Amino acid sequence: MALGVKSRLILSRLAQALPALAGIVVVTFILTRALPGDPAAYFAGPAADARSIAQIREQLGLDRPLPVQFLSYVTDLLQGDLGRSISTGQPVAEALMQRLPASLELTLFALLLSALIAIPLGVAAARRPDSWVDQACRLLVTAGVSLPTFFTGLLLVYVFYFILGWAPPPLGRLDLIYLSPPQVTGFFTIDALLDRDFATFRAALAQLVLPAMTLALFTLAPIARMTRASMIQALGSEFIRTARASGLSERRIVYTYAFRNAMLPVVTTLGMVFSFMLGANVLVEKVFAWPGIGSFAVEALVVSDYAAVQGFVLAMAVLFVLLNLLIDVVYTLADPRVGMEG
Amino acid sequence: MSQSSPSVQTGLRITRALGHARYALAANPVTLCAVLLFMFVLGCAIFGPMLAPYDPLQTNGAMALKAPSWQHWFGTDQLGRDVFSRVLVAARLDLTIAFSAVIIAFIIGSTMGAVAGFFGGWSDLAVSRVCDTIMAFPLFVLAMGIVAAAGNSVINIVYATALINIPFYARMARAEVNVRRNAGFVHAARLAGNSEWRLLAVHIFPNTLPPMMVQVSLNLGWAILNAAGLSFIGLGVRPPDAEWGIMVAEGANFIVSGEWWMALFPGAALMLAVFSFNLLGDGLRDLVDPQKRT
Amino acid sequence: MQRRDFLKGVGIAALSSGVPLASIPSAWAQAADTLVIAIGSTINSLDLHRPGTNRPSYMVTVNIYDRLVRFATKALPDGSLNFDYNTLEGELAESWQIAPDGMSVVFKLKPDVKFWDGAPITAEDVRWSLERAIALGGFPATQMKAGGLEKADQFEVVDDRSIRVKFLRKSKLTLPDLAVPVPFIINSKVAKSKATPQDPWAAEYLHRNPAGSGAYKVERWDPGQQIVFVRNEEWKAGPLPAIRRIVLREVPSQATRRALIERGDIGMAFELPPKDAKEISEKKSAVVVGAPIANCIHVLNTNLNFEPFKDKRVRQAIAYAIPYQQIFEQGAYGRGLPMWGGKSFTPTDIAWPQPSPYSTDYDKAKELLAQTEFKNGFEVPLSFDLGTADWGESTALIIQEGLAKIGVKTTIDKVPGANWRTMALVDKKLPLHLENFGGWLDTPCYYFLWAYAKGNLFNSSNYSDAEMEQLINETLPMEMSDPAYAPKIRRMIAKAFDEVPRIPLWQPSLESGLRKDVQGYSSWYHRQPELRTMKIVKG
Amino acid sequence: MSGSLLQVENLTVEFRTRNGIVRAVERVDLSVGRGETLAIVGESGSGKSVTSYAVMRILDSAGSIAQGSVMFSGIDVANADEDTMATLRGREISMVFQNPRLALNPIRKIGRQIEDVLIRHVQATHNNAKQKAIELLAKVRIARPEERYDAYPFELSGGMCQRVVIALALACKPRLLIADEPTTGLDVRTQKAVMDLIVELVAEQGMSMILITHDLGLAAAYCERVIVMEKGRVVEAASAASVFKDPQEPYTKRLVRATPRPGVSLRDLLPDPEIPYAAQTPRTESVEGQPLLEVRDLVKSFAPAQSASLLSRFMNKSVAEPARSVDGISFTLAKGETLGLVGESGCGKSTTSAMIMRLLDPTSGSIFFAGRDIGAIPARSFARDADRARLQLVFQDPTDSLNPRFTAARAIADPLYRLGGVTRADEARTAVEEIAKMVGLPHDLLDRFPHQLSGGQKARVGIARAMVLRPDLVVLDEPTAALDVSVQAIVLNLLADLRAELGMSYLFVSHDLQVVRMLCDRALVMRAGRIVEEGSAAAVLEDPQHAYTRELVSAIPHPPL
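Listed in order, the protein sequences are those of chains A, B, C and D.
Counting from 12, one number per residue, gives the positions in the first sequence under the working numbering.
Counting from 10, one number per residue, gives the positions in the second sequence under the working numbering.
Counting from 2, one number per residue, gives the positions in the third sequence under the working numbering.
Counting from 34, one number per residue, gives the positions in the fourth sequence under the working numbering.
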């Protein structure tokens, strides 16, 4: 029964996402058509004349009325066809699948890094609110979120690559001298480990460090703040007083009792940060030549590549929905109250 | 007595509020710094153009790419323009963008959210769906798309930034109104004959303002970063106007060749402004948080 | 054995048509015979003929396909090599013979040239490939047309090793036009086997799977990241390249490209912005190689469809109000050749480009403007392509300042790359903008054809003049040695100077940074890296 | 006092606040002997809880023991190291808190929470902890303890949660149990059950107990000795029997007087009986003719937990019947009459009052007010109804019911502007000052914000706001539930005076039978949405007919009088 309620809850979440997805399909379609620039002119090449542009416009189906274009777009979409990027000529789905792991690997790694720093910081700050630890933590995370990611990225590259030479050149996922490991998960670090190729693993990891740091620095703040706030709330709650009055050890009070309760809102924040990072990747990917979907989207936007932009946005939206679902599942598993109270 | 007492009381109230603020600031030196910093940034925005030692747009071929000196505190850029003057003058444009975007987002978002949270039903459904849809977009890319589609002008940056901020306000207002819509004082006001709209506008909404102000302060920082990010990919403010983001973006190409000042100073100014907004928001949150008001 | 999952993705094509690869070491690209080149833009196709293929992709076609003929290289006085527009040499063609009536030419193919799959190159392959260049439309067809190659029946197989190209009219551009990147020769048997009724020219297949005979083969292509060329050991159309493997890595950040070359992490940074070129060559942190781009000028275009610029005197006033020297120093960083301050409005020679007679003279500008109805100045947007911001932005800003001095108020409009083409070149609706057309075929008439003839793409000024048009049509097919040629060209140049729809600023240089051990590079008219001549010297 | 288990001498506890250092407890002496039960009684802010926290040294970080000693069984608690204290807490001294739901970790199974304590104090090993936990659950009379072991706090009722908290506290058989308002917020029957259980277990294990409560009756009924605290100081210490009969100190006397108990009138609750009985007018007996309010077959049902999406509603076809919160009640209220509506939490009394007040639309049934069916007018549009001004409500929670951003004057004036036809500020001010005088609110408080007012002052503002329009019917929704007993006495008298002065009818909603008896003419007893008993207020309390009413009456603490 309990499971029934919870799985229904999750299904209903999924159902709630459908209108948003439909909205996204419509909005992206309209937005992409509103983009200036005539793809036909762009693709006709540098020396094309009006006739060859018209020829290409016809080829691309851009001469048909908008509703017809939309209809055919939706029809294709329902068949799982995201269309074909007119600039790379590749199916959009394929390009996204190739690039998504790159973005996900970077984002997840950055999130991990961020959480590993921010959560202990938040806990430390919450245990002594208004102490110097708290203030220092606040300054640090606020400074982090105040730096534009592209600026941080450039600065890190300049210092750690150009001046100190500690970091590898900012050339995407692997240094020039390595080849990508056989694809299993699409995450180079994991694939390299699966392949027992530790040199490549180290190389892939080395490439990840700077961009992940850039992203992590920017996302420390929300995680640390939320950890601090919910930890303060948890530590101030009455069941902690009960636990103290029962003589439970400080460790147990802070970690088993307070921390687990405090983690629930933090999980939600992590999810939000993750989806925010995926979007904010755009700039970082540009700085680090990271072959992810963010840079793909920028390129596509610049050339008014309808299918690619639509595909990208849709992929992100689906990812977003899945992510929220994942958070719901985690939340449901972690909090017995979910779905049980009126 | 009934004539004089309100104004006396108002005076008292202000004194008391100031007293609270002074206490809160004294207890929290970081917030005090934030307030000072914020005033400083605001001062730059207001008086910057008067204080700038050079014309921020005046190129000077002979003085191109000069390192910081007594003459040019922050050095000069590739066209010999004074970076210090440009950084100072940019404050106004950046703050204007941020403030207008956030104010628009606040007005639209909080109205939507308040209506949804108070009346529920289809209005709630509609607002929630709209917010879900916006939020499911990668926000920065959405902003990029809007500016790319509408053309890059300051006003379009403002609109794009406002649009992606709307859901935050809508959701927040919705939640804040929702927790209060069954509060005793709301029922009391209803009993006093207030219409539903008046209940919302006069009784509930003002009470949601403190937490919303925190969000406003935090969002101001984000709005500046957003505008700067758009500039970085070339969808920002038009040259020759000085704007921090575009200055960093342009300066970025000069870092490797050793002309670090072109990116560093506007970057630092950008950071400082965002930093002060964020710290201020953080501090406001502490002030507003009832848990901390013992 | 083969640890790497090489068969993934798009690298398949290269393998299927080439030699199976031996095992590749982990740190393969470190090998001494591998050259890494950083490029700033994205390669989006391996097939130049395909609609939608962008300019940077031409570098693939240039290096992996062969053409019938190519321009020869010549040594410049400073010892560096450059191409020689005036001399053609055979690539796949062993020889060619122009018919006595001058209305056709027969190419004889070299006997030992083969495609990568070992199939001999036949006249049918050539015919199919040339026809394809026309049939797919778009830019390639336009380019072919400039050389008078417009119809499929102009190409005729004589025998297995001989092909005749018939001329519709005599033109000095026809043969050079066969040496440009467009008419490359494809393995037609492979392509035809992949063709479908919807796609008779196998555009879909060749887009990702090259089928050629060039000196380099595509070993691997990760769109948006890199393309890896490996030497075709069987190449017979020229001397075997020295470098076995070349990696073209896409590095969008200009600063990173500079850092990479300065630190020596890559062998070459292709297309340096002028400032980097200047500073690197001064610091000697890398070798900067480059030359002014033939037949190319950075210009400020006035659009004659807009009111103030309909008046010639306004255009002239603008031309006098531009701080040329400052632009050359701060926009071009002194790289390239000045195109202002020429001696006379009536040129004495036909060298093109040559400096215009304008120079910065605000008094003269004001005087000219005062004669018009715009004596109090006017407002106009000044646009440039965001993709050319490395020189465009500074230039626009300086122009803005200069024009302000004569009361012309400009607002700067950065147009994103995609929109640029539509707005500036197709719709031709930008009143005042920066433009950088360069003609592949290095003759003045060819430049004038594109830039001064009504309706043509790069005539974004909407300049229209009957005499100019007639001159262009007359000079275009004319041999340059024709005694009538020079006077006509001089007349065209004089008209261009007098009416100044396009205000020349400077002739840009295409410069690239080379690590000190990398040699043999020269820049070409098509602005793509020619990799075949490059080598890495030890020590 | 050498035989005492706990000896507190000269204890002073200070808190750092933004207004400087505040002494919450000052020079308190107390002792608890072995096996003794002691009650600490005081109103809010008297320092009674802080004293107990100081004994366990669980003051929050802003508070500290500034002075004095706390000796527990020879251990100097004030100066002991943290390890000693951690061993002491839960093992030797344990505590039961108010608000049992919040006192338990919401995401940990209750069985595990008990185990944590057992294992911490080495009362059980990992092997037998579960068994011991179940035994403890059984001991606090939780039915089916094996099943409940796996329950989470939210799955249990408040009373059950309190039993779990008691089990936690008694897990290690401590020598001293501190029960801090253990029954506040619980219904009277649950209160009795919980208190009986505590006292029984304490006696059974030979423990000492400190009961901290605001309820003098409860203290006297369950403890041997009573300490009365006021403003951080002990004002009186006496045996339970003598504290009621023979209070020594003026404060204790006031407290005793203010405690509602059988046989006293409203006026008797006031500290100064010499005050002339202004409201001595006889209660209006039911006026013949048309009743002011008539409720017929009133029903309110709520849909079960509303699913957010349509889809889930489709999947949720087999949902239960909507729960009927109010299940067909009918009654009348005459002009000038005061009707009491009594019941435990969740019985539907607040829902009923909200429907009558037209804040909530009934599912079915009708509400006739002065002969007009106002139940048919949607709640949303009732604000503009002519009868709006005639129906007013005094809220339960004076804090929650005042807009934090409105001054007292503005809150009181709001109905005047909206419904009273007042447009001029001075006109409104005059009316506000008049009613303020009537409710005993000094004029200088009128320009204060709610957070600058005390609980009693806020209650007066709430009453003034309801009365300013001189309504015909005022619903009093537990108007004193959140107030200290001495303030309650004053407010109840104020309400009685106002009724006499203004001639209104009251519908008085309450859980407290004694208070209802004193204020009301008639009383209705509600249970699970239905009226189970109806009669004169005195008769319902003194001679209950229905079994449920009898149970309620018998659960009222009986202090030794």
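All C-beta atoms in this analysis are idealised placements derived from N, C-alpha and C, irrespective of residue type, glycine included.
A quick note: this is a predicted structure, and the numbers were derived from the prediction, not measured.
Quick one: which chain A residues come within Cβ less than 9 Å of D109 (chain D)?
-> One-based indexing of the fourth sequence puts residue 109 (chain D) at position 76. Ordered by position in chain A, no residue passes the 9 Å Cβ test against D109 (chain D), which lies about 18 Å from the chain.
Measuring CB to CB, does L105 (chain D) end up less than 8 Å from L38 (chain D)?
-> Here residue 105 (chain D) refers to the residue found at position 72 of the fourth sequence. Here residue 38 (chain D) refers to the residue found at position 5 of the fourth sequence. Just to set this straight, residue 105 (chain D) is Phe in the shown sequence, not Leu. Yes. Within cutoff.
Mind pulling the alpha helix (DSSP H) runs of 4 or more residues that sit fully within the stretch 117-191 of chain A?
-> Correct list: 143-157 and 160-167.
Closer than 6 Å by C-beta to T74 (chain C): which residues in its own chain qualify, once you throw out the five before and the five after it? Chain order, please.
-> Walking along the third sequence from the start, residue 74 (chain C) turns up at place 73. For T74 (chain C), where only same-chain residues beyond five positions count, the Cβ hits under 6 Å are L82 and F84.
Cβ of F428 (chain D) within 8 Å of any chain B Cβ = On the fourth sequence, position 395 is the one that residue 428 (chain D) refers to. True, the Cβ-Cβ gap to chain B drops below 8 Å.
Using a beta-carbon distance cut-off of less than 8 Å, what residues from the stretch 274-298 of chain C approach chain B?
-> Listed by position along the chain: P274, K276, D277 and E280.
Compare the C-beta of F214 (chain B) against all C-beta atoms of chain D and say whether one is closer than 8 Å.
-> For the purposes of this step, residue 214 (chain B) is taken as the residue at position 205 of the second sequence. Not closer than 8 Å to any Cβ of chain D, the Cβ of F214 (chain B) fails to qualify, so no.
Meets three-Cβ-pair contact criterion under 8 Å: the stretch 179-194 of chain B and the stretch 381-401 of chain D = no
Beta-ladder partner(s) of D91 (chain B), from DSSP = If you number the second sequence from 1, residue 91 (chain B) lands on position 82. In the DSSP output, where bridge partners are listed per residue, D91 (chain B) has B:T85.
Helix, strand or coil at L486 (chain D) according to DSSP, with G and I counted as helix = On the fourth sequence, residue 486 (chain D) is found 453 positions in, with the first residue counted as 1. Looking at L486 (chain D) - three-state DSSP - the assignment turns out to be coil, as it is neither helix nor strand.
Three-state class that DSSP yields for G408 (chain D) in the structure shown = Translated into the one-based positions of the fourth sequence, residue 408 (chain D) becomes position 375. Helix.
Using a Cβ-Cβ cut-off of 6 Å (strictly less than) and excluding sequence neighbours within five positions of A125 (chain B), which residues of its own chain qualify?
-> As a first step, residue 125 (chain B) is located in the second sequence; it is residue number 116 there, counting from the start. Result list for A125 (chain B): S132, D133, V136 and R183, in chain order.
C-alpha gap between V289 (chain D) and C553 (chain D), whole angstroms | Taking the first residue of the fourth sequence as position 1, residue 289 (chain D) is located at position 256. Taking the first residue of the fourth sequence as position 1, residue 553 (chain D) is located at position 520. Straight across, the Cα-Cα distance linking V289 (chain D) with C553 (chain D) is about 22 Å.
Does the separation of the CB atoms of S143 (chain D) and R181 (chain D) fall below 8 Å?
-> Translated into the one-based positions of the fourth sequence, residue 143 (chain D) becomes position 110. Translated into the one-based positions of the fourth sequence, residue 181 (chain D) becomes position 148. In the sequence under discussion, the amino acid at residue 143 (chain D) is Ile, which differs from the Ser named in the question. Going by C-beta atoms, I143 (chain D) is nearer than 8 Å to R181 (chain D).
Under 8 Å between the Cβ atoms of R481 (chain D) and P448 (chain D)?
-> As a first step, residue 481 (chain D) must be located in the fourth sequence, where it is residue number 448. As a first step, residue 448 (chain D) must be located in the fourth sequence, where it is residue number 415. No, Cβ-Cβ distance for R481 (chain D) and P448 (chain D) is not below 8 Å.
Would you list, in chain order, the members of the stretch 163-194 of chain B that have their beta-carbon closer than 8 Å to a beta-carbon of chain D?
-> A192, G193 and F194
7 Å CB neighbourhood of A202 (chain D) in its chain, flanking five on each side removed = By one-based count along the fourth sequence, residue 202 (chain D) stands at place 169. These residues qualify, in order along the chain: S127, M128, V129 and L210.
Confirm, please, whether the CB-CB distance from V549 (chain D) to A570 (chain D) is below 8 Å.
-> Indexing the fourth sequence from 1 puts residue 570 (chain D) at position 537. Indexing the fourth sequence from 1 puts residue 549 (chain D) at position 516. Yes, the pair counts as a contact, with Cβ atoms nearer than the cut-off.
Could you tell me the distance, in whole angstroms, from the CA atom of L221 (chain A) to the CA atom of Y172 (chain A)?
-> Indexing the first sequence from 1 puts residue 221 (chain A) at position 210. Indexing the first sequence from 1 puts residue 172 (chain A) at position 161. Cα to Cα, the separation comes out at about 10 Å.
With a floor of 4 residues, list each alpha helix (DSSP H) that falls wholly inside the stretch 181-250 of chain D, ordered by position along the chain.
-> 191-203 and 221-238
When the Cα of G408 (chain D) is compared with those of D:H591, D:V198 and D:V328, which residue comes out closest?
-> By 1-based counting over the fourth sequence, the position of residue 408 (chain D) is 375. If we check each option's Cα against that of G408 (chain D), D:V328 comes out closest.
If we count Cβ pairs, one from each stretch, closer than 8 Å, do we get three or more for the stretch 87-99 of chain B versus the stretch 262-281 of chain B?
-> Touching, yes, given that three or more Cβ pairs across the two stretches are closer than 8 Å.
Exposed or buried, Y266 (chain A), counting other C-beta atoms within 10 Å across all chains shown (16 or more means buried)?
-> As a first step, residue 266 (chain A) is located in the first sequence; it is residue number 255 there, counting from the start. Burial is judged here by how many other beta carbons sit within 10 angstroms of a residue's own beta carbon; Y266 (chain A) has fewer than 16 and is exposed.
Cβ of Y185 (chain D) less than 8 Å from any chain A Cβ?
-> Counting from one through the fourth sequence, the residue named residue 185 (chain D) turns up at place 152. Yes, Y185 (chain D) lies at the interface with chain A (some Cβ there is under 8 Å from its Cβ).
When every heavy atom of the ligand ADP is checked, does at least one fall within less than 7 Å of the C-beta of A87 (chain D)?
-> As for the ligand ADP, it is missing from this structure, which has no ligand bound.
Out of D:Q547, D:R56 and D:A572, point me to the one whose CA is closest to I589 (chain D)'s CA.
-> Against the fourth sequence, residue 589 (chain D) aligns to sequence position 556. Out of D:Q547, D:R56 and D:A572, D:Q547 has the C-alpha closest to the C-alpha of I589 (chain D).
Are there 16 or more other CB atoms within 10 angstroms of the CB of L343 (chain D), so buried, or fewer, so exposed?
-> In the fourth sequence, residue 343 (chain D) corresponds to position 310, counting from 1. Since pLDDT at L343 (chain D) reaches only 42, below the 50 mark, its modelled position is unreliable, and the value read off the structure follows with that caveat. The residue in question, L343 (chain D), is exposed, as its Cβ has fewer than 16 Cβ neighbours within 10 Å.
Can you find a C-beta in chain A that's less than 8 Å from the C-beta of P62 (chain B)?
-> Along the second sequence, one-based indexing puts residue 62 (chain B) at 53. Not one chain A Cβ lies under 8 Å of P62 (chain B).
With a cut-off of 8 Å, does the C-beta of L435 (chain D) fall near any C-beta of chain B?
-> For the purposes of this step, residue 435 (chain D) is taken as the residue at position 402 of the fourth sequence. So, interface residue.
Please confirm if V283 (chain B) has its CB atom under 8 Å from at least one CB of chain A.
-> Taking the first residue of the second sequence as position 1, residue 283 (chain B) is located at position 274. By this cut-off, V283 (chain B) is an interface position.
Does any C-beta atom of chain E lie closer than 8 Å to the C-beta of V293 (chain A)?
-> Absent from the structure is chain E; the protein chains it does hold are A, B, C and D.
If you check the beta carbons only, do R250 (chain C) and V37 (chain C) fall under 8 Å apart?
-> For this step, residue 250 (chain C) is matched to residue 249 along the third sequence. For this step, residue 37 (chain C) is matched to residue 36 along the third sequence. Taking the C-beta atoms as reference points, V37 (chain C) is found nearer than 8 Å to R250 (chain C).
Since Y539 (chain D) is in the beta strand (DSSP E), which residue starts that stretch and which ends it?
-> As a working note, residue 539 (chain D) is residue 506 in the fourth sequence. Taken as a continuous stretch (DSSP letters only), the beta strand (DSSP E) holding Y539 (chain D) covers S538 to S543.
Within 10 angstroms of the Cβ of L89 (chain A), are there 16 or more other Cβ atoms? Answer buried if so, exposed if not.
-> Residue numbering aside, residue 89 (chain A) sits at position 78 when the first sequence is read from its first letter. So L89 (chain A) ends up on the exposed side.
Is DSSP giving P76 (chain A) helix, strand or coil here?
-> As a working mapping, residue 76 (chain A) is identified with position 65 in the first sequence. Here P76 (chain A) sits in coil by DSSP.
Please list, in chain order, all residues of the same chain as C194 (chain D) whose beta carbon is under 7 Å from its beta carbon, the five residues on each side excluded.
-> Within the fourth sequence, numbered from 1, the residue matching residue 194 (chain D) stands at position 161. If we look at C194 (chain D) and ignore the five residues flanking it on each side, its Cβ neighbours are P133, R134, L137 and P186.
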